[in-house]
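*Asks:*
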Amino acid sequence: MLKSVEINTGKSAEACKRGGKKGTRMGHIIRGHTIVASILILAFLVISGRKVVVRICMPQSFDVQFDATFSDKSKNEIIHFVESLDKRMAAKVPVFVSILKERFPHIQSLQVRLIPPGIMKISCKASKPDCIINEKLALISEKSMCPIDYFQDHVCSGLPRITIEQSLLANYDAKAIKVVVNQISSDIFAQYRIVLCNQADLIFEDKQQPFLSLICRADKVPTRDLCIYGTYIKELLISRDAFSGKFAAHYQADLRFEKQIILSKK
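If you want the numbering used here, it's the 1-based position in the sequence shown plus 4.
1. Buried or exposed: where does GLN264 fall if 16 or more other Cβ atoms within 10 Å of its Cβ makes it buried?
2. Can you name the start and end residues of the beta strand (DSSP E) that MET124 belongs to?
3. Assuming LEU241 is part of the alpha helix (DSSP H), what are its boundary residues?
4. If you count every other CB in all the chains shown that lies within 10 Å of the CB of PHE48, and 16 or more means buried, which is it?
5. Roughly how many angstroms lie between the CA atoms of VAL97 and ILE207, to the nearest whole one?
6. To which residues of the same chain is LEU143 closer than 8 Å at the C-beta, ignoring the five residues directly before and after it?
7. For ARG107, name the three-state secondary structure that DSSP assigns.
8. Take the Cβ of LEU216 as the centre, count every other Cβ of all protein chains shown within 10 Å, and call the residue buried at 16 or more, exposed below.
9. When the distance is taken between beta carbons, is CYS128 closer than 8 Å to PHE74?
10. Of all the CB atoms in chain C, is at least one closer than 8 Å to the CB of ARG221?
11. Identify the continuous beta strand (DSSP E) that holds ALA257 and give its terminal residues.
12. Counting only the same chain and skipping the five closest in sequence on each side, list residues whose C-beta sits under 8 Å from that of ASP205.
13. Cutting at 6 Å between CB atoms, please list the residues of its own chain near LYS77, excluding the five before and the five after it.
14. Is ALA95 helix, strand or coil by DSSP?
15. For ILE119, count neighbouring Cβ atoms within 10 angstroms of its own Cβ and tell me buried if that reaches 16, exposed if not.
16. Where does MET93 land, buried or exposed, given buried means 16+ other C-beta within 10 angstroms?
17. Mind pulling the alpha helix (DSSP H) runs of 4 or more residues that sit fully within the region 147–223?
18. In the structure shown, what three-state DSSP assignment does ILE265 receive?
19. Measure the C-alpha to C-alpha separation of ALA253 and ILE237 and round it to an integer number of angstroms.
20. Whole angstroms is fine: what's the gap from PHE100's alpha carbon to GLN212's?
21. State yes or no: is the C-beta of SER122 within less than 8 Å of the C-beta of GLN64?
22. Shortest alpha-carbon distance to VAL159 belongs to which of GLN256, ASP71, ASP258, LYS269?
Have a look at this one:
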């Protein structure tokens with residue numbers, strides 16, 4: 005005879021329900037751990053990537069090239085300065101260029117390229133100087149001066165010269181000197197040695213006749229007529245033997261006055 009078996013389905017359903025909730029919580033925990041792990045891995049990759057990028061961008065050595073106007077002294081000083089910089093600073097190209105041009109104002113332009121593996125190639129082009137001051141300094145622009153020996157000799161050989169009394173030089177910046185130089189024509193530079201003797205006056209010493217000089221205001225050079233005046237005065241004095249014999253003397257023509265020239269014996 006078959007015996008009936010009673011199955012308590014209610015109890016089993018409740019147990020299954022509790023088991024399902026436990027499984028869901030476990031799944032959430034696993035997914036949470038997976039997200040956290042993913043975030044950590046991603047952060048590690050980002051940080052590692054940044055380190056790799058920094059290593060790639062940071063120069064390990066420098067290849068500096070120059071145009072034909074730089075002297076050997078200038079080249080050596082620039083190379084030494086570049087190699088002494090912090091490589092992290094050199095990796096910031098705009099900052100690096102600004103620092104280098106500030107330190108060496110005769111550099112007109114720079115081209116910087118980073119060539120793997122970690123070689124920074126720097127091409128330097130020099131400015132053309134405007135004139136020479138005291139045979140020691142080159143006037144580069146309205147903003148700067150630099151030592152004349154930063155250039156090859158051929159660069160400065162044909163440039164205008166001006167002499168500034170040493171006691172005055174500290175009071176003159178490049179812009180003030182440029183203003184004075186711009187008033188003077190190439191003909192005057194060719195014929196006279198020019199001296200800024202004080203903050204107000206310029207003296208023009210005749211290169212062919214050392215016993216004759218002209219003086220005029222530094223802010224009002226008679227550019228068009230100065231050579232004419234100088235030639236006339238020189239010929240007049242030569243005709244009177246003023247530069248020869250026992251009565252020879254140095255003469256100075258003062259052009260600082262309106263419509264008159266005062267000639268004096270010094």
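Glycine included, C-beta positions come from ideal geometry on N, C-alpha and C.
*Replies:* Quick look at the numbers:
1. exposed
2. 123–130
3. 230–243
4. In this prediction, PHE48 has a pLDDT of 44, which is less than 50 and means its spatial position is unreliable; nothing more can be read from the coordinates.
5. 47 Å
6. PRO133, ASP134, CYS135, ILE136, ILE137, MET149, ALA178, ILE181, LYS182, VAL185
7. helix
8. buried
9. yes
10. This model lacks chain C altogether, as it is built from one protein chain only.
11. 255–258
12. ILE219, CYS220, ARG221, ALA222, ARG260
13. ASP153
14. coil
15. exposed
16. exposed
17. 157–160, 170–173, 178–186, 190–195
18. coil
19. 14 Å
20. 49 Å
21. It is worth fixing the name first, because residue 122 is Gly in this sequence and not Ser. Yes, these two residues count as a Cβ contact at 8 Å.
22. ASP71
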